[in-house]
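Participant:
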Amino acid sequence: MHRFKDLEIWKQSRAFCKDIYEITSVFLEAEKFGLISQLRRASVSVPSNIAEGASQNSNKDFGRFLEIAIGSCYEIETQLLIANDLGFIKGESLNPVLLKLEAIIKMTSKFKSTLK
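Heads up, the sequence shown is in the numbering used here, so the first residue is 13 and it goes up one at a time.
(1) Look at the Cβ atom of residue 19, then the Cβ atom of residue 66, and state whether they are nearer than 8 Å.
(2) When we look at the beta-carbon of residue 124 and count the other beta-carbons within 10 Å, is it buried (16 or more) or exposed?
(3) Suppose the cutoff is 7 Å on Cβ atoms and the five residues either side in sequence are ignored; what does the same chain contact list for residue 33 look like?
(4) Would DSSP call residue 110 helix, strand or coil?
(5) Do the segment 87-100 and the segment 67-79 touch if we need at least three Cβ pairs shorter than 8 Å?
(6) In terms of alpha-carbon separation, which member of 64, 116, 68 lies closest to residue 89?
(7) Please identify the residue among 118, 23, 16, 122 whose C-alpha is closest to the C-alpha of residue 64.
(8) As a quick exercise: from 55, 84, 43, pick the residue whose alpha carbon is nearest that of residue 98.
(9) Considering only C-alpha positions, which residue in the set 47, 84, 41 is nearest to residue 61?
(10) Identify every run of the alpha helix (DSSP H) within the segment 48-98, keeping only runs that are complete inside it and at least 4 residues long; order them along the chain.
Below, the structure is given as structure tokens:
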């Protein structure tokens with residue numbers, strides 16, 4: 013078992029979740045049950061799956077939860093790109109968020125590869 017609160021991937025994904033809430037706060041009200049909800053739920057899923065996986069008894073099980081977290085990251089990336097296509101996010105706001113997301117994906121993948 014791992015102490016999830018000590019994991020850098022959990023800390024960064026938790027901070028990223030806050031970023032998503034801030035970004036989506038300026039979306040159109042009509043998107044409340046669309047992209048806003050999807051992005052927020054997916055962003056909450058990342059640190060949540062890391063925390064849940066850390067409680068597992070085996071590294072194999074933990075790795076499965078890390079895979080789910082990575083999948084949520086790719087879901088977020090897709091939704092951010094769609095939000096950009098629809099004009100809800102401009103490129104200057106999108107690029108820093110995508111860079112943070114890419115860093116979280118890389119860190120999580122690397123950490124997963126250390127679990128044996």
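For every residue, glycine included, the Cβ atom is placed at its ideal position computed from N, Cα and C.
Facilitator: Quick answer:
(1) yes
(2) buried
(3) For residue 33, where only same-chain residues beyond five positions count, the Cβ hits under 7 Å are 52.
(4) helix
(5) no
(6) 116
(7) 16
(8) For residue 98, the closest of 55, 84, 43 by C-alpha to C-alpha distance is 43.
(9) 84
(10) 71-97
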